[in-house]
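The C-terminal position of the sequence shown is numbered 126 in our numbering, with every residue numbered one higher than the one before it. Everything below concerns the one structure shown next.
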Amino acid sequence: MDHETIRKGLLDERVKLERELLVFEKELSSSVEETSGESPYGQHLAENAAAALDREMDLTLEGNLREVLRRIDRALLKLDDGSYGVCDKCGGPIGEDRLEAAPYAVLCMTCKRREERSR
Ligand SMILES: [Zn+2]
């Protein structure tokens, strides 16, 4: 794969993610408006709890979207400075297979696994 194709793919993906993020933010603000007029006490408690849980899941999803966006930006920077395909941590090759599956990968499999364990 040549870098221009990769860059284009990353930019496409970025546009798509930003659009999803906008939808999330719109849904999030409208659901806050819907519940803000109600009393937080009494019979609506269970419903409110469910709504709060929904919101939390949305926020997690939103967090994931932001995380991927951040990685895409990092990968685009790496394309610019010529370090694309090189692990951010150990400087080793990330690997063609891995980049094909996740073009925004900035860590090799070994470093990625290590990072996930340390969380
Ligand atoms: Zn590495």
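Beta carbons: idealized from backbone N, C-alpha and C, even for Gly.
Item to check | Endpoints, alpha helix (DSSP H) assigned at D95 | outcome: Neither: D95 is in no alpha helix (DSSP H) and is coded neither H nor E.
Checklist entry - Taking the alpha-carbon positions, what's the L29 to Y111 distance? => result 21 Å
Next on the checklist: In whole angstroms, give me the CA-to-CA distance for S36 and G70.
Outcome noted: 16 Å
Checklist entry - Of the residues K96, G102, F31, R81, which one's Cα is nearest the Cα of R14? => result R81
Item to check | Among V75, S38, F31, L72, the one whose alpha carbon lies nearest that of A57 | outcome: S38
Checklist entry - Helix or strand or just coil, what does DSSP make of L68? => result helix
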